[in-house]
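Have a look at the structure below before the remarks.
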Amino acid sequence: MPSLHEVSPLIAWMVSAMGLLAAALLVWFALRWRRGRHTWGLPLIAVLLVLAASLALKLASRAAQDKAERAQAMARPLSPQEQAVWSIVQTRCQACHSDHATVMPWAAYGLSLDDMGDVERNAAAIQLQVVQLQAMPMRNTTQMTPQEREVIARWYAERATSAHGTKKGD
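Numbering (the working numbering), first residue to last: 836 to 1005.
Right under this line is the structure:
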């Protein structure tokens, strides 16, 4: 079970409040039961509160872990080739594909490229859409050049060969 120390203070307070409310409902149920009022709604609500708190904690913990992984990915220095790709992504892609997109109210197609870790995780889709199909940027609204597409193609090819432990030409 995730720890309350791994999540934001707001989530920690909400989870704690739901736990206290569930405990209060169970106490109230026990008092009513002793008086002959057998109502199963209260313990059911308490169980649902505990499940909701558990789910909220798990989701918040996962979000915190993802944030830490992103920070770690950004902490490492980028190679010159990665820096070139990152510069292209910032200039040509983030207007639509970012959590803070300026052209769209949200990241288009759910693809957010807010850091190089996002770019790495979506490398195959970027290669397909930008290099092979040349469908992105849509209608080339950000004026991506053939040279920039070539930079991305070389980055992807080198990335793919290094992942397999082989060199080009083998």
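Positions of the beta carbon are idealized from the N, C-alpha and C atoms, including for glycine. None of these values were measured; they are calculated from a predicted model.
Listed in chain order, the alpha helix (DSSP H) elements of length 4 or more contained wholly in the region 936-1005 are 951-956, 958-961 and 981-999. Taking C-beta atoms as the reference points, residue 899 and residue 853 fail to come closer than 7 Å. For the alpha helix (DSSP H) assignment, the uninterrupted runs of no fewer than 4 residues enclosed by the region 900-934 are, from N- to C-terminal side, 915-923. With a cutoff of 7 Å on beta-carbon distance, residue 931 and residue 939 are scored as near each other.
Around the CB of residue 922, fewer than 16 other CB atoms lie within 10 Å, so the residue is classed as exposed.
Pairwise C-beta distances place the region 949-958 out of contact with the region 875-889, as fewer than three of them are shorter than 8 Å. Taken through DSSP and simplified to helix, strand or coil, residue 876 comes out as helix.
Contact between residue 857 and residue 881 holds, since their C-beta atoms are separated by about 4 Å, short of 8 Å.
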